[in-house]
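Colleague: The structure under discussion is supplied below as structure tokens; questions concerning it will follow.
Protein chains: 2
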Amino acid sequence: MKFALRLGIKYKEFLIYGMSMALVLLLLKVMEANFIVFNYRLDFFIGAIAIVFTVLGVWLALKLVKPKVVTQVIEKEVYIENQDKIEIDQKEIAELGISKRELDVLNLMAKGLSNEEIAGKLFISLNTVKTHSSNIFVKLDVKRRTQAVEKAKRLKIIN
Amino acid sequence: MKFALRLGIKYKEFLIYGMSMALVLLLLKVMEANFIVFNYRLDFFIGAIAIVFTVLGVWLALKLVKPKVVTQVIEKEVYIENQDKIEIDQKEIAELGISKRELDVLNLMAKGLSNEEIAGKLFISLNTVKTHSSNIFVKLDVKRRTQAVEKAKRLKIIN
DNA sequence: GCCAAAATCATCCTAAAGTATGAATAAGAT
DNA sequence: ATCTTATTCATACTTTAGGATGATTTTGGC
Numbered sequence: 008m009k010f011a012l013r014l015g016i017k018y019k020e021f022l023i024y025g026m027s028m029a030l031v032l033l034l035l036k037v038m039e040a041n042f043i044v045f046n047y048r049l050d051f052f053i054g055a056i057a058i059v060f061t062v063l064g065v066w067l068a069l070k071l072v073k074p075k076v077v078t079q080v081i082e083k084e085v086y087i088e089n090q091d092k093i094e095i096d097q098k099e100i101a102e103l104g105i106s107k108r109e110l111d112v113l114n115l116m117a118k119g120l121s122n123e124e125i126a127g128k129l130f131i132s133l134n135t136v137k138t139h140s141s142n143i144f145v146k147l148d149v150k151r152r153t154q155a156v157e158k159a160k161r162l163k164i165i166n
Numbered sequence: 008m009k010f011a012l013r014l015g016i017k018y019k020e021f022l023i024y025g026m027s028m029a030l031v032l033l034l035l036k037v038m039e040a041n042f043i044v045f046n047y048r049l050d051f052f053i054g055a056i057a058i059v060f061t062v063l064g065v066w067l068a069l070k071l072v073k074p075k076v077v078t079q080v081i082e083k084e085v086y087i088e089n090q091d092k093i094e095i096d097q098k099e100i101a102e103l104g105i106s107k108r109e110l111d112v113l114n115l116m117a118k119g120l121s122n123e124e125i126a127g128k129l130f131i132s133l134n135t136v137k138t139h140s141s142n143i144f145v146k147l148d149v150k151r152r153t154q155a156v157e158k159a160k161r162l163k164i165i166n
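Residue numbers (the working numbering), protein chains in the order written: chain Z, 8 to 166; chain X, 8 to 166.
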């Protein structure tokens, strides 16, 4: 487990530290001037100084230490429900040499329309639809309309 | 942004701190005994003590304080394209009254198999497949296998 | 304007799909 | 044990799909 522990430059904290130190030293001067210091053992005075500055040091350290940043990447699974919006593979269409009209027929085929219904929708004869569908089967290398639809969806030619 | 800032109990660090403090006070005693201290200004001595214990305090704090942990949660959206794994709507199947065998036929139908091929795969006769498919069409309220496949996929009966 | 590809349509034929009906058997539930 | 439902199969028939072939008409690019 790695963690970065760097000292940041925080002027405010240093300022407070400096002022505290000055205050303590000033206090010392006042005590010295009034001969208060030597009413007690020097040991205790030194000890007090040590404790105060230890506390100050601890405080300073806590203020200055930058927090360890743990980046936790949570993978949120988002299922795509829009099957309608699958992008159509134009390259594949071009490679297979499927024409616009054939694509029209293929799309209506995928919706479950009969050749006669397709003919009605596209204003062409049943024979023409048969010709188109036959060509589609050859180009898709399938034998039936159901296979054609299945393969076309798999190849993202239709949606 | 929450972060935990707790003091851990680390005896080794406290021991080192205590020993350092004892050493400094011992040094002080020795200097005091030899009248070294007062050869210099008390100010400088006190300043030195302050600096030493500040450093000790900082060191102690860094050792004792568990690093502030900032947990940064980044949600990464992972898109899943698995159309195969669309859950099948068992309720719909039950509501439509589609039997297991009919579902078998429907699934193979969706793969583009002919009735004869389905019969071969399921080890039943062509006539049986026709009976099943006819029943499927009635239950799905469609007229052709292509429509059946289209509607079945839409209703998530098959995938 | 010409040419190739795309789109259109027709005819004939076969294969597959779908309908209707009846019936036997297996499996599960009450 | 009985009754219903699912599964199986058959036969006869109709409709639709698909294959093969040929031909005409648009249409877009050079």
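Where a beta carbon is used, it is the ideal one built from N, C-alpha and C, also for glycine.
Within the continuous alpha helix (DSSP H) that includes ALA100(Z), where are the two ends?
Modeller: Looking at the sequence provided, one finds Ile at residue 100(Z) rather than Ala. That run of the alpha helix (DSSP H) goes 97 to 103.
Colleague: Under 8 Å, do ILE164(Z) and ASP111(Z) count as touching if we go by C-beta distance?
Modeller: Taking 8 Å as the Cβ cut-off, ILE164(Z) and ASP111(Z) do not qualify as a contacting pair.
Colleague: Does any residue of chain Z have a CB that is nearer than 8 Å to the CB of ALA117(X)?
Modeller: Interface residue, yes.
Colleague: For VAL5(Z), count neighbouring Cβ atoms within 10 angstroms of its own Cβ and tell me buried if that reaches 16, exposed if not.
Modeller: Past the edges of chain Z, shown from 8 to 166, lies residue 5(Z), and the structure says nothing about it.
Colleague: Quick check on GLU94(Z): buried or exposed, where buried means 16 or more other Cβ atoms within 10 Å of its Cβ?
Modeller: It is exposed - the Cβ of GLU94(Z) has fewer than 16 other Cβ atoms within 10 Å.
Colleague: Indicate the three-state DSSP secondary structure (helix, strand or coil) for PHE130(X) in the structure shown.
Modeller: PHE130(X) falls in the coil class under three-state DSSP.
Colleague: DSSP on ILE16(X), reduced to helix/strand/coil?
Modeller: Its pLDDT being 45, under 50, ILE16(X) is placed unreliably by the model, and the measurement read from it follows with that caveat. DSSP places ILE16(X) in coil when its eight states are reduced to three.
Colleague: Suppose you measure from the CA of THR153(Z) to the CA of GLU123(Z); what does that come to, to the nearest Å?
Modeller: Approximately 16 Å between the Cα atoms of the pair.
Colleague: Taking buried to mean at least 16 other C-beta atoms within 10 Å of its own C-beta, is GLY119(Z) buried or exposed?
Modeller: Looking at its Cβ environment, which holds 16 or more other Cβ atoms inside 10 Å, GLY119(Z) is buried.
Colleague: Using the rule of at least 16 other Cβ atoms within 10 Å of the residue's Cβ for burial, across every protein chain shown, is PHE60(Z) buried or exposed?
Modeller: It counts as buried.
Colleague: Hey, does LYS128(X) have any beta-carbon neighbour from chain Z nearer than 8 Å?
Modeller: No, LYS128(X) does not count as interfacial toward chain Z.
Colleague: Interface residues of chain Z around SER121(X) at Cβ under 7 Å?
Modeller: Simply ARG151.
Colleague: Determine the contact status of LYS158(Z) and VAL149(Z), defining contact as a CB-CB distance below 8 Å.
Modeller: Yes; because the gap between Cβ atoms is below 8 Å, this pair is in contact.
Colleague: Going by the beta-carbon positions, is the gap between ILE143(Z) and ILE100(Z) smaller than 8 Å?
Modeller: Not in contact: ILE143(Z) and ILE100(Z) (Cβ atoms no closer than 8 Å).
Colleague: Output the distance between the C-alpha atoms of ALA57(X) and ALA57(Z), rounded to the nearest integer angstrom.
Modeller: Going by the C-alpha atoms only, they are around 6 Å apart.
Colleague: At least one CB of chain Z closer than 8 Å to the CB of ILE156(X): is that the case?
Modeller: Reading off the sequence shown, one finds Val at residue 156(X), where the question assumed Ile. Chain Z contact via Cβ: present.
Colleague: Express the C-alpha separation of ARG151(X) and ARG133(Z) in angstroms, rounding to a whole number.
Modeller: For clarity, residue 133(Z) is Leu in the given sequence; the question names Arg instead. So the two alpha carbons sit approximately 17 Å from each other.
Colleague: Using a Cβ-Cβ cutoff of less than 8 Å, which residues in the same chain neighbour LYS128(Z) once the five nearest sequence positions on both sides are dropped?
Modeller: Taken in chain order, the residues that qualify are LEU115 and LEU120.
Colleague: Rounded to the nearest angstrom, what separates PHE130(X) and THR138(Z) at their Cα positions?
Modeller: In a straight line, the C-alpha of PHE130(X) is about 34 Å away from that of THR138(Z).
Colleague: First and last residue of the alpha helix (DSSP H) that includes ARG152(X)?
Modeller: Run containing ARG152(X): 152 to 161, per the alpha helix (DSSP H) assignment.
Colleague: Expressed to the nearest angstrom, what Euclidean distance is found between the alpha-carbon atoms of ALA117(Z) and LEU162(X)?
Modeller: Distance between the alpha carbons of ALA117(Z) and LEU162(X): 15 Å.
Colleague: Drop a sphere of 10 angstroms on the beta-carbon of LEU33(Z), count the other beta-carbons inside from all chains shown, and report buried for 16 or more, exposed for fewer.
Modeller: The residue is exposed, with fewer than 16 neighbouring Cβ atoms inside 10 Å.
Colleague: Taking only the alpha-carbon atoms, compute the straight-line gap between THR113(Z) and GLU109(X) and give it to the nearest angstrom.
Modeller: Just to set this straight, residue 113(Z) is Leu in the shown sequence, not Thr. Rounded to the nearest angstrom, the two C-alpha atoms are 26 Å apart.
Colleague: What number of angstroms, rounded off, separates the C-alpha of ASN166(Z) from the C-alpha of LYS107(X)?
Modeller: Rounded to whole angstroms, ASN166(Z) to LYS107(X) spans 28 Å at the Cα level.
Colleague: Check ILE56(X) in the structure and name its three-state DSSP category.
Modeller: Reduced to three states, the DSSP call for ILE56(X) is helix.
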